[in-house]
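Student: Quick one: this structure, given as structure tokens, is what I'll be asking you about.
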DNA sequence: ACGCTGCGAGACGCCTACGTTTCGCTGTGA
DNA sequence: TCACAGCGAAACGTAGGCGTCTCGCAGCGT
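Residue numbers (this note's numbering), protein chains in the order written: chain A, 1 to 192; chain B, 1001 to 1192.
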């Protein structure tokens, strides 16, 4: 995962960085089908030969660019299981509102439908996020805070699904507060 | 909506039909960004001049093609509110599994992110579907079969969201049975 | 200080799509 | 029956991306 830097020429480092940045920007803005090596080079302020020096082509470039999106998501650790679930869902709301990941999402979904490698990345990326939620649910069940017969996987989908639904299908704006609303609707209310 | 046929040349009728068909096929297969007038013409077995004779360009063509996807969805009328909701959700599962709409969905989401007209179409299409579910929920509440404090809009999103989530985000296969599982999880179980 | 190497720029031949035009051909409607 | 209109095919010049190559430059490591 974390190599000891093999004395890489800083010029190479810098080129790779600005090119991968430009790739994600371009992807988010015009989509995968319309994205070209030349448009990426223009946006990056780079000769296209420099891109071909480091990558085989468009798909190879995209795959590398997507890797840079991966970032560890810290699972919430404070409060009751229910509160931690709300917090994680709120983090998802935030991420889907502003992040570069969110901006690239439509293009990513489209590209995933065309290329199997991108599809694997996409599913894996989402899967990693969802696993955190599933873990929280399992903990909650183990702690007796949630019903023992709750299906954690299905529940995680029911919790996260509506947020993606709004982002991708209806375009309806949403704020942090939907997170708690969804949890209140889905998880049996504690006696209060 | 339903004009009296203005004596249209059957050759024109036929051309429009095969071209719009080919447009949707092309859209589903290679996406909006990669789709070209020439690729549509090739697939339709048509001279590209014939396309330019009827449409201004790619976007104009796409908009017309999308219109042909619209089809009335008959809301279920038999059984309890809960059973009708399950039935409607099952219909959604079917539609997301097999239909041309589903095949075009990734491209559609991508195109909606680039063009406002497509976005309006997409949101409206989804909105029309969701309205049926909301109506069912409202009926159920009015009939006393569902709790009076249930938010019908949010509930419809929580019901449908997970199915889209699987289709677009995780790629996990799903069958009719998820519909009932989701309803059982979300709607308070009737005393049984 | 200096040889090396990654760089931006841009030219290359090739290919494909653009949107328009022309050409016979054939089905249509009177 | 026959004028006409829509058709497929193909050619047009233009534009732009492909992937490769060659420059001269400037920042790199020794």
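We put the CB at the ideal spot given by N, CA and C, even for glycine.
#1: Return the first residue and the last residue of the alpha helix (DSSP H) that residue 90/A is part of.
#2: Note down, in chain order, each residue of its chain lying with its Cβ closer than 7 Å to the Cβ of residue 1043/B, except the 5 sequence neighbours on either side.
#3: Looking at the unbroken alpha helix (DSSP H) that takes in residue 139/A, where does it start and where does it end?
#4: In angstroms with no decimal places, state the Cα-to-Cα distance between residue 1183/B and residue 1061/B.
#5: Going by C-alpha to C-alpha distance, which of 8/A, 136/A and 56/A sits closest to residue 84/A?
#6: Is there a C-beta anywhere in chain B that falls below 8 Å from the one on residue 164/A?
#7: Can you tell me the Cα-Cα spacing of residue 1050/B and residue 1007/B, whole angstroms?
#8: Tell me the residue span of the alpha helix (DSSP H) that contains residue 1162/B.
#9: Residues of chain B with CB closer than 8 Å to the CB of residue 115/A, please, in chain order.
#10: Can you tell me whether residue 2/A is buried or exposed, with buried defined as 16 or more other CB within 10 angstroms of its CB?
#11: Within 8 Å of any Cβ in chain B, is that where the Cβ of residue 64/A sits?
#12: Quick one: any contact between the stretch 60-74 of chain A and the stretch 116-135 of chain A, if contact means 3 or more CB pairs under 8 Å?
#13: Within a Cβ cutoff of 6 Å, which residues of the same chain sit near residue 1155/B, ignoring the five residues on either side of it in sequence?
#14: Using the three-state DSSP reduction, which class does residue 1072/B fall into: helix, strand or coil?
#15: Counting beta carbon pairs with one atom in the stretch 1144-1159 of chain B and one in the stretch 1169-1186 of chain B, are three or more of them shorter than 8 Å?
#16: Distance, Cα to Cα, residue 56/A vs residue 9/A?
#17: If you reduce the DSSP assignment to three classes, tell me which class residue 187/A lands in.
#18: Nearest by alpha-carbon distance to residue 106/A: which of 1019/B, 1189/B, 1031/B and 1014/B is it?
#19: Any Cβ of chain B within less than 8 Å of the Cβ of residue 157/A?
#20: Could you check whether residue 131/A and residue 28/A sit closer than 8 Å to each other, using their CB atoms as the reference points?
#21: Taking the alpha carbon of residue 148/A as the reference point, which residue from 39/A, 70/A and 188/A has its own alpha carbon closest?
#22: Run down chain A in chain order and give the residues with a C-beta less than 8 Å from the C-beta of residue 1182/B.
#23: Among the candidates 1082/B, 1186/B, 1129/B and 1169/B, whose CA atom is the shortest distance from the CA of residue 1144/B?
#24: Please decide whether residue 1127/B counts as near chain A, where near means a Cβ-Cβ distance under 8 Å.
#25: For the stretch 1037-1066 of chain B, which residues have a CB atom closer than 8 Å to at least one CB atom of chain A, in sequence order?
#26: Have a look at residue 1176/B and residue 1128/B and give me their C-alpha separation to the nearest angstrom.
#27: For residue 173/A, is the classification buried or exposed, using 16 other Cβ atoms within 10 angstroms of its Cβ as the cut-off for buried?
#28: Leaving out five residues before and five after residue 1004/B in sequence, what residues of the same chain have Cβ atoms less than 8 Å from its Cβ?
#29: With a cut-off of 8 Å, does the C-beta of residue 109/A fall near any C-beta of chain B?
#30: Can you give the Cα-Cα distance for residue 1079/B and residue 133/A, rounded to whole angstroms?
#31: Taking residue 1034/B as the query, report the chain A residues whose CB atoms sit under 7 Å from its CB, ordered along the chain.
#32: If you reduce the DSSP assignment to three classes, tell me which class residue 1029/B lands in.
#33: Show which residues of chain B have a CB atom less than 8 Å away from the CB atom of residue 186/A.
Tutor: Let me spell this out:
#1: In the first chain, the residue the question calls residue 90/A occupies position 90. Residues 81-98.
#2: Counting from one through the second chain, the residue named residue 1043/B turns up at place 43. Excluding positions up to five away in sequence, the list reads 1022, 1025 and 1026.
#3: Position 139 of the first chain, counted from the first residue, corresponds to residue 139/A. First-last of the alpha helix (DSSP H) with residue 139/A: 116-142.
#4: By 1-based counting over the second chain, the position of residue 1183/B is 183. By 1-based counting over the second chain, the position of residue 1061/B is 61. The alpha-carbon atoms of residue 1183/B and residue 1061/B are separated by roughly 39 Å.
#5: For the purposes of this step, residue 84/A is identified with residue 84 of the first chain, where counting begins at 1. Taking only the C-alpha atoms, the option nearest residue 84/A is 136/A.
#6: Numbered from 1 along the first chain, position 164 holds the residue referred to as residue 164/A. Yes, residue 164/A lies at the interface with chain B (some Cβ there is under 8 Å from its Cβ).
#7: In the second chain, counting from the first residue as 1, residue 1050/B sits at position 50. In the second chain, counting from the first residue as 1, residue 1007/B sits at position 7. C-alpha separation (whole angstroms): 19 Å.
#8: Residue numbering aside, residue 1162/B sits at position 162 when the second chain is read from its first letter. For residue 1162/B, the uninterrupted alpha helix (DSSP H) run begins and ends at 1152-1165, by DSSP.
#9: As a working note, residue 115/A is residue 115 in the first chain. Near residue 115/A there are no residues of chain B at all, since even the closest Cβ is about 11 Å away, more than 8 Å.
#10: Along the first chain, one-based indexing puts residue 2/A at 2. Caution applies to residue 2/A, whose pLDDT of 37 falls short of 50 and renders its modelled position unreliable; the value that the coordinates give is listed next. Exposed.
#11: Looking up residue 64/A in the first chain gives position 64. No, no contact with chain B.
#12: yes
#13: On the second chain, position 155 is the one that residue 1155/B refers to. The residues are 1137.
#14: On the second chain, position 72 is the one that residue 1072/B refers to. DSSP places residue 1072/B in coil when its eight states are reduced to three.
#15: yes
#16: Residue mapping note: residue 56/A aligns to position 56 of the first chain, counting from 1. Residue mapping note: residue 9/A aligns to position 9 of the first chain, counting from 1. Rounded to the nearest angstrom, the two C-alpha atoms are 20 Å apart.
#17: By one-based count along the first chain, residue 187/A stands at place 187. DSSP places residue 187/A in coil when its eight states are reduced to three.
#18: Here the question's residue 106/A lines up with position 106 in the first chain. That would be 1031/B, whose Cα lies nearest to the Cα of residue 106/A.
#19: Within the first chain, residue 157/A is the residue found at index 157, counting from 1. Yes, residue 157/A lies at the interface with chain B (some Cβ there is under 8 Å from its Cβ).
#20: Counted from its first residue, the first chain places residue 28/A at position 28. Counted from its first residue, the first chain places residue 131/A at position 131. Taking 8 Å as the Cβ cut-off, residue 28/A and residue 131/A do not qualify as a contacting pair.
#21: Taking the first chain and counting its residues from 1, one reaches residue 148/A at position 148. Looking at the Cα atoms, 188/A is the closest of the given residues.
#22: Taking the second chain and counting its residues from 1, the one referred to as residue 1182/B is at position 182. Correct list: 154 and 158.
#23: For the purposes of this step, residue 1144/B is taken as the residue at position 144 of the second chain. Of the candidates 1082/B, 1186/B, 1129/B and 1169/B, the one whose C-alpha sits nearest the C-alpha of residue 1144/B is 1082/B.
#24: As a working note, residue 1127/B is residue 127 in the second chain. By this cut-off, residue 1127/B is an interface position.
#25: none
#26: Along the second chain, read from residue 1 onward, the residue named residue 1176/B stands at position 176. Along the second chain, read from residue 1 onward, the residue named residue 1128/B stands at position 128. So the alpha carbons of these two residues sit roughly 21 Å apart.
#27: Numbered from its first residue, the first chain carries residue 173/A at position 173. Burial call: exposed.
#28: Against the second chain, residue 1004/B aligns to sequence position 4. Low confidence applies to residue 1004/B: its pLDDT is 39, below 50, so where it sits in the model is not reliable enough to give any reading.
#29: Start at 1 with the first residue of the first chain, and residue 109/A comes out as number 109. Closer than 8 Å: yes.
#30: As a first step, residue 1079/B must be located in the second chain, where it is residue number 79. As a first step, residue 133/A must be located in the first chain, where it is residue number 133. The straight-line gap from Cα to Cα measures roughly 35 Å.
#31: In the second chain, residue 1034/B corresponds to position 34, counting from 1. Residues of chain A passing the Cβ test: 33.
#32: Stepping through the second chain from its first residue, residue 1029/B is reached at position 29. Helix, per DSSP.
#33: As a working mapping, residue 186/A is identified with position 186 in the first chain. Those within 8 Å of residue 186/A in chain B are 1158, 1185 and 1186.
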